[in-house]
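K.L.:
What follows is a single structure, and I will ask about it in a moment.
There are 4 protein chains.
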Amino acid sequence: MTHGVIHLENDYSEGAHPAILARLADENLRARSGYGADDACESAAARIRGAIGRDDADVHFLIGGTSANLIALAAFLRPHEAIVCTEQAHINVHETGAIEASGHKSLPFPTTDGKLTPSMIEQLYAKHVDEHMVKPRVAYISNATELGTVYTRGELYALKDCCAKLNLLLYMDGARLGAALAASDVDWSDLPRCLDAFYIGGTKNGALFGEAMVILNESLKPDFRYLIKQRGGMLAKGFLLGYQFDVLFEGGLYLDIARRANGIADGLRGVLAAKGARFLADTRTNMLFPILPDAWIAKLRERFAFHDAERVSSTESAVRLVTSWATPESVVTEFERCVNQLR
Amino acid sequence: MTHGVIHLENDYSEGAHPAILARLADENLRARSGYGADDACESAAARIRGAIGRDDADVHFLIGGTSANLIALAAFLRPHEAIVCTEQAHINVHETGAIEASGHKSLPFPTTDGKLTPSMIEQLYAKHVDEHMVKPRVAYISNATELGTVYTRGELYALKDCCAKLNLLLYMDGARLGAALAASDVDWSDLPRCLDAFYIGGTKNGALFGEAMVILNESLKPDFRYLIKQRGGMLAKGFLLGYQFDVLFEGGLYLDIARRANGIADGLRGVLAAKGARFLADTRTNMLFPILPDAWIAKLRERFAFHDAERVSSTESAVRLVTSWATPESVVTEFERCVNQLR
Amino acid sequence: MTHGVIHLENDYSEGAHPAILARLADENLRARSGYGADDACESAAARIRGAIGRDDADVHFLIGGTSANLIALAAFLRPHEAIVCTEQAHINVHETGAIEASGHKSLPFPTTDGKLTPSMIEQLYAKHVDEHMVKPRVAYISNATELGTVYTRGELYALKDCCAKLNLLLYMDGARLGAALAASDVDWSDLPRCLDAFYIGGTKNGALFGEAMVILNESLKPDFRYLIKQRGGMLAKGFLLGYQFDVLFEGGLYLDIARRANGIADGLRGVLAAKGARFLADTRTNMLFPILPDAWIAKLRERFAFHDAERVSSTESAVRLVTSWATPESVVTEFERCVNQLR
Amino acid sequence: MTHGVIHLENDYSEGAHPAILARLADENLRARSGYGADDACESAAARIRGAIGRDDADVHFLIGGTSANLIALAAFLRPHEAIVCTEQAHINVHETGAIEASGHKSLPFPTTDGKLTPSMIEQLYAKHVDEHMVKPRVAYISNATELGTVYTRGELYALKDCCAKLNLLLYMDGARLGAALAASDVDWSDLPRCLDAFYIGGTKNGALFGEAMVILNESLKPDFRYLIKQRGGMLAKGFLLGYQFDVLFEGGLYLDIARRANGIADGLRGVLAAKGARFLADTRTNMLFPILPDAWIAKLRERFAFHDAERVSSTESAVRLVTSWATPESVVTEFERCVNQLR
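Residue numbers (our numbering), protein chains in the order written: chain A, 765 to 1107; chain B, 765 to 1107; chain C, 765 to 1107; chain D, 765 to 1107.
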């Protein structure tokens, strides 16, 4: 680890966790039916149903996060129905208007930590009173959020109660669900109790690619596969997704990967905190947003690759450090060495 | 090869050509930028530009065929513009209305062989005369077609001339382009001369997944990546597509795979022809549609797995046999043995 | 009536029936709430409910036919659901892809008389078997059809039974519903028994503009006004529509207008039949499609204005003659005089 | 004027200005071609071209404001292109997501007076940097705004310069354009110099219904009528719109109506100002938003009908007073009498 920069740019910079790659190689010449109608997908779905404790859940394997969100919301909403979310929500900022291209308006609420609250939902709901305005129907949350923060169990149940009261659906974008579960008191079994639907992110947690959509609410289940196909999200070799999630949910690998990445991020956080750094948001997941002097940032970039987050003052910026299954264990020691040299 | 059925169901029943899998394994721990902005994609794009002899082509790597078609047509068309195609066109029948979900009407023309002709284009064009009707703007062809037939060089140039005359774009769905090129007098270099855009199918020609969109017409190039992202087609780990097409276009593997699959299909065709079978369409690619007595079909199914195509008479059906990079060489001998036993 | 041409071009060439214009003038300075939430709309809706004998029907007043169709189908369908119709259907040909722009595919069936049959519905339904294809959900009929033909009571009930069996909705475009009712054994009270929703055309039956959407099926009622507003179909001065339909459904004016127009068309038909003319379709409504020698057509055009329908042979064309509330009674006598001079 | 309430609810509570109604009656039995291809529309378009001093402008007559906005933006934008606007923008709040239903995202900026500034445009533009986000392409302004405020000539030209610099189109929603022109230093001839397209509102300025879309930018002109038809905005009896705008632009009636309504509003404003009332926004158009004690509001409602705007404190609310061509001249005197009685 003496040569080259160490990558802390994101959690999708490398291929797949070795156990996943091994499974793909092992299955490579085995013929299976197309489009996800195969035994590998069925096995993976069964494992996910087991993990969340709900035999009746519908599980669909999808290609990526934006695709998962646009398919779900196109499937769940009538044309005049809208989505309540935070200003930072991935669907609101970073999906090139995919939701609007499906015909739906998002109603963003400003936040500092990326977390939606019942109060925000209620305020947006109260402003949409008649047919001259869109009708809020889904509350969208990301967990972990786009800022790396997470929902507590109490917060999730409070959102559920709020949505139930207002007849809204609660949908969770779980692109980084592993990181969230590994960093909070929320358990797999809490998810079906609170959510109408959610997806379990594979791409950012060790898979080559792929997300698992889980639908709990009976009214949202019919014809979901039509929407997958129509929006270009049905993989011909759907078994590839089955293999990957089967590995991730066999023996707890999914959370193991997340815990390891969170753990390394904790190490980095400790180093920065010891150095007196502030953070843009208080995170316990695999994403950190330390606020650092520009000179320090430049110096750290000689050894580590990472993205800017935002300009904070004339001499400081927040940067984003992300860890993953592929981040070397040794990174904390090396990071500490480099940080300790900063003046 | 004495145990189990032999799969002739389709060309996407297995994983990836071994050379592709090896490359994925080799690159697995190498970190690269996301979303296709990496050197592997650039290398693969350069090889494709080289193959077609057009340095100025834009090349984008996409996830699947339906996704590729809907992204391209959403990018190329204004809302009132329509697509001229055959009745059998994949976009017209087998994409769950993906094109319509993007807002566009397809104008299908009945055919027996799945091939669009200048006369069909002209007839549809002539019927759409004013703003009460959609405006034809793209002619969509599949090559190979959904029936396994192919366009000759002369036919392609005739379509190009017709489209130029009527100010239509000519777009080719190349899900099985390898099979088509390997079975016709059309050359890579003919494609940019005739087409405004097309995609090169990877999924059905040895890749795990992936298609390469090639855009020649300058007016169609701007902001294409926005559409990829908006429609859920931008893979986070885009380099996975780069690896695969880099392998496919390094040293001619793409056509080698197609030639081999076509060759095996030729062998099967010869066996059937010798037995006196008729065919639904005259194909030289990796798809055969023999018309067989029901009893024969049942007998063959004891040894081979394949799909029904259509009912032809009270005692006969057409079935679909498909070969691929994964079809064992020995299949022809075994098929001949079985066919010769049919009475 | 000795000067100028006599207009037989269509049934929307003039303003409004005098009774409607008088009502608009009478109400002009009376202030009412906007967007259709006024007592004139309520009165008109009550009269329509009375006419069809269904107190529970939802009635919405809309601006025009294409707008009515696109709003209804956007409201009734999920994104993957499709519309079964005839090849000549207004939505399939003459609405510039409005349905597709709302995201839905139409599945047209070829006909000679513009009428949809249970057999056509069943054939289209049988071809759409899984999630790779759109899912037929609405059967769309026009009555009178685009060719001026009408459905009998028996045919309507047969369509209803077919749709019920296949879980399809039956929707009727009634742009020329007056003409149809006046020319068939179908009664106002048959409509709610057969149809899930339909609209009553005002534009082509004496109104300045406007159509009345009637929704019977409970599941189609919620939030319909959101769709009206979202698709630009909610008139600020909605009471204008209320006034018009209130007049049309007060004392039977709606059918009186249609009977009169049909009657004049009958007169023209008789003249032509006596002269030995054939017709493109057998119609009893206010549209005729006589097939005439080109020389006769040219001669008739010196006195009458009308549209071409289609070329029938090298020396003959079908033309379209349309009558309306504004067609002078004297037209039949004058037409007979002119036709009798043709050689 | 001693009986009944006086209506100050909005500017579309009655029918049409008497001159318009007279013209409709006069033309009622004259047959004209459908869909706006008639000499009345041509005459009205010519008058509008004359008013703005641009012979090359395309003019299209549309049915209503939401319809006009959604047609224009659907015609002008590619799928990934977005609209910069104020938080209060009609398209953002009061069109039930019509723009999103056409596939486009609006990017609202918070304001207190409803006016978009170059700085707002620049800030929104600067945040949308790559293909993961929508691409700002149109700046949408309403003039008068939703709060009754207006743009000065200087502000309009500054917006134009900003848009030109950033390659954005500048589009104006002129639902209340008459009120704006009558209340500002902006002249008809300024509009084509600043705007790529705009519509002239008829519905809220004396017409029964109708808006005139004016397109200046050559690149936005092609095929606009296809979009009108596709979105349900093409009136069969298009000549009705021609008659109305022909009257409005013959001898300056359009601005006369607006000046009269603004003048009455000025009278009401004076009465309130003399009483010491504050206003939500500083307006000189036909809409006032005085902030009044709840007791006063209740008292005024005995004599005048008007809408609430928003709650301002525990004892005060802002209400909305709107005048129109139909507001009686005597209203100011009566209003003064009532206001003077308030304690």
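A virtual CB, placed ideally from N, CA and C, is assigned to each residue, including glycine. Predicted model only: the values in this text are computed from it and were never measured.
Counting contacts by CB-CB distance shorter than 8 angstroms, is A:R1039 in contact with chain C?
P.N.:
Strictly speaking, residue 1039 of chain A in this sequence is Lys, with Arg absent from that position. Not one chain C Cβ lies under 8 angstroms of A:K1039.
K.L.:
Looking at the unbroken alpha helix (DSSP H) that takes in B:C1098, where does it start and where does it end?
P.N.:
Before going further, note that residue 1098 of chain B is Glu rather than Cys in the sequence given. Looking at the DSSP string, the run of the alpha helix (DSSP H) that includes B:E1098 is 1095-1105.
K.L.:
Skipping 5 residues on each side, what residues in its chain have a beta carbon closer than 7 angstroms to that of B:T875?
P.N.:
T850, E851, Q852, listed in sequence order.
K.L.:
Any idea if D:G938 is buried or exposed, counting beta-carbon neighbours within 10 angstroms, 16 or more meaning buried?
P.N.:
Buried, because 16 or more other Cβ atoms sit within 10 Å of the Cβ of D:G938.
K.L.:
Kindly list, in the order they appear in chain A, the residues whose Cβ is closer than 9 angstroms to that of D:M897.
P.N.:
What D:M897 touches in chain A: V857, H858, E859, T860, G861.
K.L.:
Identify, in the order they occur along the chain, each residue of the same chain with its Cβ nearer than 6 angstroms to the Cβ of D:A839, setting aside the five sequence neighbours on each side.
P.N.:
Result list for D:A839: F988, L991, in chain order.
K.L.:
Which residue comes first and which comes last in the beta strand (DSSP E) that contains C:R995?
P.N.:
That residue, C:R995, is in no beta strand (DSSP E); it is neither H nor E in DSSP.
K.L.:
Taking the beta carbon of A:D802 as the centre, do at least 16 other beta carbons fall within 10 Å, making it buried, or is it exposed?
P.N.:
The residue is buried, with at least 16 neighbouring Cβ atoms inside 10 Å.
K.L.:
Give the straight-line distance between the Cα atoms of A:L1064 and A:A1037, rounded to the nearest whole angstrom.
P.N.:
Using only the alpha carbons, I get a separation of about 16 angstroms.
K.L.:
Nearest-angstrom Cα distance between A:M998 and B:T830?
P.N.:
C-alpha separation (whole angstroms): 8 angstroms.
K.L.:
In chain A, which residues lie less than 8 angstroms from C:Y935 when you measure between Cβ atoms?
P.N.:
Those do not exist, as C:Y935 stays about 17 angstroms from chain A at its closest Cβ, beyond 8 angstroms.
K.L.:
Classify D:F725 as helix, strand or coil using the three-state DSSP reduction.
P.N.:
Because chain D is modelled from 765 through 1107, residue 725 of chain D falls outside the range shown and cannot be assessed.
K.L.:
Let me confirm a value: C:T916 is counted as buried when at least 16 other C-beta atoms fall within 10 Å, else exposed. Which label applies?
P.N.:
Exposed is the call here.
K.L.:
Report the rounded CA-to-CA distance for C:V1103 versus B:P872, giving the unit in angstroms.
P.N.:
Between C:V1103 and B:P872, the C-alpha separation is close to 41 angstroms.
K.L.:
Just to make sure I have the definition right: I need the residues of chain D whose C-beta is within less than 9 angstroms of the C-beta of A:G867. Which are they?
P.N.:
Ordered by position in chain D, the residues that pass the 9 angstroms Cβ test against A:G867 are G861, E864, A865, S866, G867.
K.L.:
Could you name the residues of the same chain whose beta carbon sits closer than 6 angstroms to that of A:E1100, not counting the 5 residues immediately before and after it, in chain order?
P.N.:
Once the five neighbours on either side are set aside, the close Cβ partners of A:E1100 are V1035.
K.L.:
When the cut-off is 8 angstroms and only beta carbons count, does A:M765 lie next to chain C?
P.N.:
Interpretation of A:M765 is limited by its pLDDT of 39, a score under 50 that renders its predicted location unreliable; the figure taken from the coordinates is listed afterwards. Taking Cβ atoms only, chain C never reaches closer than 8 angstroms to A:M765, which makes this a no.
K.L.:
Quick check on this structure: which residue in D:H858, D:K968, D:T860, D:E845 has the alpha carbon closest to the alpha carbon of D:N774?
P.N.:
Minimum Cα distance to D:N774 is reached at D:K968.
K.L.:
Kindly indicate which residue of A:S870, A:H896, A:V848, A:K891 has the alpha-carbon position closest to the one of A:T881.
P.N.:
Closest by alpha carbon: A:V848.
K.L.:
Does the segment 1089-1097 of chain A come into contact with the segment 954-963 of chain B, if we say contact requires no fewer than three beta-carbon pairs (one atom in each stretch) closer than 8 angstroms?
P.N.:
They do not touch, by the three-pair rule.
K.L.:
Does the beta carbon of D:A853 come closer than 8 angstroms to any beta carbon on chain A?
P.N.:
No, D:A853 does not count as interfacial toward chain A.
K.L.:
Can you give the Cα-Cα distance for A:R1067 and A:I770, rounded to whole angstroms?
P.N.:
Each residue's alpha carbon lies about 6 angstroms from the other.
K.L.:
Which complete beta strand (DSSP E) runs does the segment 855-928 of chain A hold, if anything under 3 residues is left out?
P.N.:
Entirely contained in the segment 855-928 of chain A, the beta strand (DSSP E) runs reaching 3 residues are, in chain order, 870-873, 899-906.
K.L.:
Can you tell me whether DSSP reads A:S983 as helix, strand or coil?
P.N.:
A:S983: helix per DSSP, three-state reduction.
K.L.:
In this structure, does DSSP put D:M765 in helix, strand or coil?
P.N.:
With a pLDDT of only 39 at D:M765, under 50, the local geometry of the prediction cannot be trusted, and no value is derived from it.
K.L.:
Is the shortest distance between the beta-carbon of B:A1082 and the beta-carbons of chain D less than 8 angstroms?
P.N.:
Judged by the 8 angstroms Cβ criterion, B:A1082 is not in contact with chain D.
K.L.:
Quick one: residues in its chain with C-beta nearer than 6 angstroms to the C-beta of A:T1087, no 5 flanking neighbours on either side, listed in chain order?
P.N.:
Cβ neighbours of A:T1087 beyond the five flanking positions: A1025, I1028, A1029, N1050.
K.L.:
Here's the rule I'm using: 16 or more other beta-carbon atoms within 10 Å means buried, otherwise exposed. How should C:K929 be labelled?
P.N.:
Label assigned to C:K929: exposed.
K.L.:
Between A:A846 and chain D, is the shortest Cβ-Cβ distance under 8 angstroms, so that the two count as touching?
P.N.:
With 8 angstroms as the cut-off, A:A846 counts as an interface residue toward chain D.
K.L.:
Between D:A1045, D:G800, D:S1081, which lies nearest to D:I1061 when the distance is taken from Cα to Cα?
P.N.:
If we check each option's Cα against that of D:I1061, D:S1081 comes out closest.
K.L.:
Report yes or no: is there a C-beta of chain C within less than 8 angstroms of the C-beta of B:P843?
P.N.:
Answer yes: the Cβ-Cβ gap between B:P843 and chain C drops below 8 angstroms somewhere.
K.L.:
Indicate whether at least one CB of chain D lies closer than 8 angstroms to the CB of C:I827.
P.N.:
Chain D, which has a Cβ nearer than 8 angstroms to the Cβ of C:I827, makes this yes.
K.L.:
From which residue to which residue does the alpha helix (DSSP H) around A:S831 run?
P.N.:
Looking at the DSSP string, the run of the alpha helix (DSSP H) that includes A:S831 is 829-840.
K.L.:
Report the three-state DSSP secondary structure of D:E778 (helix, strand or coil).
P.N.:
Coil at D:E778, not helix or strand.
K.L.:
Can you list, in chain order, the residues of its chain whose CB lies under 7 angstroms from that of C:L837, leaving out five sequence neighbours each side?
P.N.:
Here the set comprises I847, I863, S866, H868, V902.
K.L.:
When the Cα of C:L841 is compared with those of C:K891, C:T909, C:Y904, which residue comes out closest?
P.N.:
If we check each option's Cα against that of C:L841, C:Y904 comes out closest.
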